[in-house]
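Down below is the structure, laid out as structure tokens.
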Amino acid sequence: MADTDLSKIMKQEVGKAAADRVKSNSIVGLGTGSTTAFAIQFIGERLQRGELKNIQGIPTSFQAEVLSKQYGIPLTTLDAVDHIDVAIDGADEVDPNKNLIKGGGAAHTREKVVDSLADQFIVVVDSGKLVDKLGSTFLLPVEVIPMAMTPVMRKLTQLGGKPELRMGVKKAGPVVTDQGNLVIDVKFDEIPNPESLEKEINNIPGVLENGLFVGVADVVLVGEVKADQASVREF
Ligand SMILES: O=C[C@H](O)[C@H](O)[C@H](O)COP(=O)(O)O
């Protein structure tokens, strides 16, 4: 099987496993990305079959909102609820302590709001996302307000990073987030202390949020394929 097929199967399996954990009468944070898209699809299908009732979703992005509507998941907002029961969201890297890098889809700011509020935050990834140390395979996304781009990049360089502005695909110019901001992707040779780096970057004036999620995830579901057999393990 081609690598892309395997990756799709792992994402599908793990998305289904997460959707199966959603209970009736609950408020569900709906994450962003290609893996969570399967979870949203399977939650919608469970609703259609009548297996699930009275779900209210809180989308973390324009993408999640569009998909949720497509699959018939009723939506609400943070102004209308006082808690979130469970959030399901993907990640770009996961370390053994369940710390994450997110923001490959530039949605990490809203994701951090929703995922942090959930009583239980379930991360859904394929096995390719597991790393020993954060920053080893993926650049760290930082959302910045446009007028502060240059001083923020300078500050990120002083912190030891190599920043680059994220550019659009099939769009001339930079990626613009759902909030109308820019994303700076930063290469750090190592991230020895994700907890302090998360705070340090967020303390730079003009930074809205960065993609380090430290101590937020409760459960990580990992989709794997071994000898053409798909399975899901949890840690
Ligand atoms: O901004 C996007 C999010 O943080 C995604 O959850 C993350 O990039 C993982 O996406 P995917 O499941 O497509 O790899």
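Count along the sequence shown from 1, add 925, and you get the number used in the working numbering.
Yeah, the Cβ is synthetic: ideal placement off N, Cα and C, and Gly gets one too.
At least one heavy atom of ligand 1 is found less than 6 angstroms from the C-beta of alanine 1032. By the Cβ criterion, the segment 993–1003 is not in contact with the segment 1050–1069, since fewer than three pairs of Cβ atoms, one from each stretch, lie closer than 8 angstroms. Taking one beta carbon from each stretch, the segment 1010–1018 and the segment 938–956 have 3 or more pairs nearer than 8 angstroms; the two touch.
Judged by DSSP secondary structure, arginine 974 falls within the alpha helix (DSSP H) whose first and last residues are 959–974. With 16 or more neighbouring CB atoms inside 10 Å of its own CB, methionine 1078 falls in the buried class.
For threonine 1102, the distance from the CB to the nearest heavy atom of ligand 1 is not below 6 angstroms.
At a threshold of 6 angstroms, lysine 1027 counts as near ligand 1, since its beta carbon sits closer than that to one of the ligand's heavy atoms.
Rounded to whole angstroms, the separation of the alpha carbons of aspartate 1110 and lysine 1087 is 8 angstroms.
Here valine 991 is exposed. Its C-beta has fewer than 16 other C-beta atoms within 10 Å. Just measuring C-alpha positions, the residue of Asp1057, Gln1083, Glu1036, Ala1032 sitting nearest valine 1100 is Ala1032. When distances are taken from the beta-carbon of glycine 1015 to the heavy atoms of ligand 1, the shortest one is below 6 angstroms. Taking the CA atoms as reference points, asparagine 1118 sits about 9 angstroms from leucine 1059. Ligand 1 approaches glycine 958 closely enough that one of its heavy atoms is under 6 angstroms from the residue's Cβ. Assignment of beta-bridge partners to proline 1066 by DSSP yields Asp1110. Excluding five sequence positions before and after aspartate 1103, the CB atoms of its chain that fall closer than 6 angstroms to its own CB belong to Ser986, Phe987, given in chain order.
Three or more beta-carbon pairs separated by less than 8 angstroms link the segment 1133–1147 to the segment 1034–1046, which places the two stretches in contact. DSSP places alanine 989 outside any beta strand (DSSP E); the residue lies instead in the alpha helix (DSSP H), whose first and last residues are 987–995. Contact annotation, phenylalanine 1063 with aspartate 1017: C-beta distance approximately 4 angstroms; criterion of less than 8 angstroms satisfied. Nearest to glycine 1140 by alpha-carbon distance, out of Leu977, Ile983, Ile1026, Glu970, is Ile1026. Exposure of proline 1076 is indicated by the presence of fewer than 16 other C-beta atoms within 10 angstroms of its C-beta.
Of all alpha-carbon atoms in Glu1159, Ile983, Asn1128, Lys1096, the one lying nearest the alpha-carbon of isoleucine 1047 is that of Glu1159. Counting every other CB atom within 10 Å of its CB across the protein chains shown gives arginine 974 a total below 16, marking it as exposed.
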